[in-house]
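Sequences listed follow chains C and S, in order. For the first sequence, position 61 matches number 61 in the working numbering, and the numbering has no gaps at all. For the second sequence, position 37 matches number 37 in the working numbering, and the numbering has no gaps at all. Each residue gets a CB set at the ideal place from its N, CA and C atoms; glycine is no exception. Here's the structure, in structure tokens; my notes come after.
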Amino acid sequence: AQTVTQSQPEMSVQEAETVTLSCTYDTSESDYYLFWYKQPPSRQMILVIRQEAYKQQNATENRFSVNFQKAAKSFSLKISDSQLGDAAMYFCVKEGGSEKLVFGKGTKLTVNP
Amino acid sequence: EAEVAQSPRYKITEKSQAVAFWCDPISGHATLYWYRQILGQGPELLVQFQDESVVDDSQLPKDRFSAERLKGVDSTLKIQPAELGDSAMYLCASSSGQATLNTEAFFGQGTRLTVV
């Protein structure tokens with residue numbers, strides 16, 4: 001079975017600082033998608049950023065960027081200039097065959113003013 | 001902006017009763033997912049549909065859970081009988097179903113079930 005591991009149950013960052021959330025995954029596929037989803041308290045899950053495995057270039061979306069290391073099966077999320085609104089649960093997600101989505105257990109991010 | 005609609009938002013039911021949740025995906029989305037999310041954990045897939053067909057229900061407790069998507073549009077997830085351990089958030093999501101295109105999944109706000 002495919003697994004996604006987030007080794008940091010909780011992280012905290014000062015407002016305006018940078019934080020990196022870690023994720024590793026297990027797969028035998030060569031082509032797949034990776035995502036980071038954000039789930040704010042009592043609100044619905046939304047996509048933060050996505051990465052296609054066949055693309056070597058790391059994805060970037062404004063203050064959010066990833067460090068994708070395909071050989072190491074690592075996919076970390078970097079949040080720059082952290083804002084109070086970034087506080088949420090962050091899930092690393094792998095999409096494999098048949099669009100099946102496998103979630104990690106999540107990292108709870110706290111942003112301190 | 002198109003959204004995945006779920007109802008009810010909250011449900012309290014007694015142990016051994018039946019309960020049902022409804023999901024209306026984004027129009028045109030062929031793939032529909034039902035996830036169960038226990039507080040503080042990541043979502044776990046219960047069932048995945050491609051149009052009206054079940055693609056994956058390997059983690060669905062079939063003795064008490066059932067799911068259908070009869071016309072390939074909206075979907076219903078049923079639990080009968082409910083047990084205390086079923087208390088969780090039930091999330092519905094949909095995606096375009098086109099493997100060569102954007103496979104982003106869009107999530108509904110979920111149904112929070114409490115079994116007492």
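Check: Where does Gln14 of chain C fall in DSSP's three states?
Finding: For the purposes of this step, residue 14 of chain C is identified with residue 14 of the first sequence, where counting begins at 1. Correct three-state label for Gln14 of chain C: strand.
Next item on the list: Kindly list, in the order they appear in chain S, the residues whose Cβ is closer than 7 Å to that of Gly96 of chain C.
Entry: For the purposes of this step, residue 96 of chain C is taken as the residue at position 96 of the first sequence. Per Cβ cutoff of 7 Å: no residues; Gly96 of chain C is ~10 Å from chain S at best.
Notebook entry, point to check: So with Cβ pairs under 8 Å, would you call Gln59 of chain S a contact of chain C?
Noted result: Taking the second sequence and counting its residues from 1, the one referred to as residue 59 of chain S is at position 59. With 8 Å as the cut-off, Gln59 of chain S does not count as an interface residue toward chain C.
Check: Any Cβ of chain D within less than 8 Å of the Cβ of Phe64 of chain C?
Finding: The structure shown has no chain D; the protein chains it does contain are C and S.
Checklist line | alpha helix (DSSP H) runs contained entirely in the stretch 35-112 of chain C, provided each spans 4 or more residues | finding: Correct list: empty.
Notebook entry, point to check: What residues of chain C sit near Val54 of chain S, judged by a beta carbon separation below 9 Å?
Noted result: Position 54 of the second sequence, counted from the first residue, corresponds to residue 54 of chain S. Neighbours of Val54 of chain S across chain C, judged by C-beta separation under 9 Å, do not exist; the nearest C-beta is about 11 Å away.
Next item on the list: Could you list the residues in the stretch 80-109 of chain C with a C-beta less than 7 Å from some C-beta on chain S, going in chain order?
Entry: Of all residues in the stretch 80-109 of chain C, only Phe91, Glu95, Ser98, Glu99, Lys100, Leu101, Phe103, Gly104, Lys105 and Gly106 come within less than 7 Å of chain S when Cβ atoms are compared, listed by chain position.
Notebook entry, point to check: What number of angstroms, rounded off, separates the C-alpha of Lys11 of chain S from the C-alpha of Lys70 of chain C?
Noted result: Indexing the second sequence from 1 puts residue 11 of chain S at position 11. Indexing the first sequence from 1 puts residue 70 of chain C at position 70. Between the C-alpha atoms of Lys11 of chain S and Lys70 of chain C there is a straight-line separation of about 42 Å.
Notebook entry, point to check: Taking Cβ positions only, does Phe107 of chain S come closer than 8 Å to chain C?
Noted result: Residue 107 of chain S sits at position 107 when you count from the first residue of the second sequence. Contact with chain C is found for Phe107 of chain S, since one of that chain's Cβ atoms lies less than 8 Å from the residue's Cβ.
Next item on the list: Please list the residues of the stretch 33-46 of chain C that have a C-beta atom closer than 7 Å to any C-beta atom in chain S, keeping them in chain order.
Entry: Against chain S - using a Cβ distance shorter than 7 Å - the residues of the stretch 33-46 of chain C are Tyr33, Gln44 and Met45.
Item checked: Contacts that Gln104 of chain S makes with chain C (C-beta to C-beta distance below 7 Å) -> On the second sequence, residue 104 of chain S is found 104 positions in, with the first residue counted as 1. In the sequence under discussion, the amino acid at residue 104 of chain S is Glu, which differs from the Gln named in the question. By Cβ distance, chain C contributes Leu47 and Arg50.
Notebook entry, point to check: Would you say the stretch 64-81 of chain C touches the stretch 17-27 of chain C, given that touching needs at least three Cβ pairs under 8 Å?
Noted result: In the pairwise beta carbon analysis, the stretch 64-81 of chain C is classified as touching the stretch 17-27 of chain C: at least three pairs are separated by under 8 Å.
Next item on the list: For Arg69 of chain S, I'd like the list of residues in its chain whose CB is within less than 7 Å of its CB, leaving aside the five on either flank, ordered along the chain.
Entry: To locate residue 69 of chain S, count along the second sequence from 1; it is residue 69. Excluding its 5 nearest sequence neighbours in each direction, Arg69 of chain S has C-beta neighbours in its own chain below 7 Å: Leu32, Phe49, Glu52 and Ser75, listed in chain order.
Note to self: Counting only beta-carbon separations shorter than 8 Å, does Tyr33 of chain S have a partner in chain C?
What the structure shows: Indexing the second sequence from 1 puts residue 33 of chain S at position 33. For Tyr33 of chain S, the nearest CB of chain C lies under 8 Å from its own CB, placing it at the interface with that chain.
Margin query: Which same chain residues end up closer than 7 Å to Leu84 of chain S when comparing Cβ atoms and leaving out the 5 residues on each side of it in sequence?
Written below: Residue 84 of chain S sits at position 84 when you count from the first residue of the second sequence. If we look at Leu84 of chain S and ignore the five residues flanking it on each side, its Cβ neighbours are Lys15 and Val115.
Check: By how many angstroms is the C-alpha of Asn58 of chain C removed from the C-alpha of Ala2 of chain S?
Finding: Locating residue 2 of chain S in the second sequence gives position 2, counting from the first residue. Locating residue 58 of chain C in the first sequence gives position 58, counting from the first residue. Between Ala2 of chain S and Asn58 of chain C, the C-alpha separation is close to 29 Å.
Checklist line | Selection from C:Gln8, C:Val102 and C:Phe68 that minimises the alpha carbon distance to Tyr35 of chain S | finding: By one-based count along the second sequence, residue 35 of chain S stands at place 35. When each option's Cα is compared against that of Tyr35 of chain S, the closest is C:Val102.
Next item on the list: Verify the contact flag: Leu109 of chain C, CB atom, against every heavy atom of the ligand SAM, threshold strictly below 7 Å.
Entry: In terms of ligand content, the structure shown is empty, and the ligand SAM therefore cannot be addressed.
Margin query: Comparing C-alpha positions only, which one of S:Leu113, S:Ala93 and S:Arg112 sits nearest to Phe106 of chain S?
Written below: By one-based count along the second sequence, residue 106 of chain S stands at place 106. Ranking the options by Cα distance to Phe106 of chain S, first place goes to S:Ala93.
Check: Count the other CB atoms within 10 Å of the CB of Leu109 of chain C; is the residue buried (16 or more) or exposed (fewer)?
Finding: Translated into the one-based positions of the first sequence, residue 109 of chain C becomes position 109. Around the CB of Leu109 of chain C, 16 or more other CB atoms lie within 10 Å, so the residue is classed as buried.
Next item on the list: Kindly give me the distance between the Cβ atoms of Pro40 of chain C and Ala88 of chain C, rounded to whole angstroms, as I take these residues to be in contact under 8 Å.
Entry: For the purposes of this step, residue 40 of chain C is taken as the residue at position 40 of the first sequence. For the purposes of this step, residue 88 of chain C is taken as the residue at position 88 of the first sequence. Sure, about 4 Å apart at Cβ, within 8 Å.
Check: In chain order, what residues of the same chain have a beta carbon less than 7 Å from the beta carbon of Asp86 of chain C, not counting five sequence neighbours either side?
Finding: Working through the first sequence from its first residue, we reach residue 86 of chain C at position 86. Scanning its chain for C-beta atoms nearer than 7 Å, with the 5 sequence neighbours on each side dropped, one finds around Asp86 of chain C the residues Ile79, Leu109 and Val111, in chain order.
Next item on the list: Output yes or no for whether 8 Å exceeds the beta carbon distance between Val93 of chain C and Tyr54 of chain C.
Entry: As a working mapping, residue 93 of chain C is identified with position 93 in the first sequence. As a working mapping, residue 54 of chain C is identified with position 54 in the first sequence. Remark: C-beta atoms of Val93 of chain C and Tyr54 of chain C do not approach each other more closely than 8 Å.
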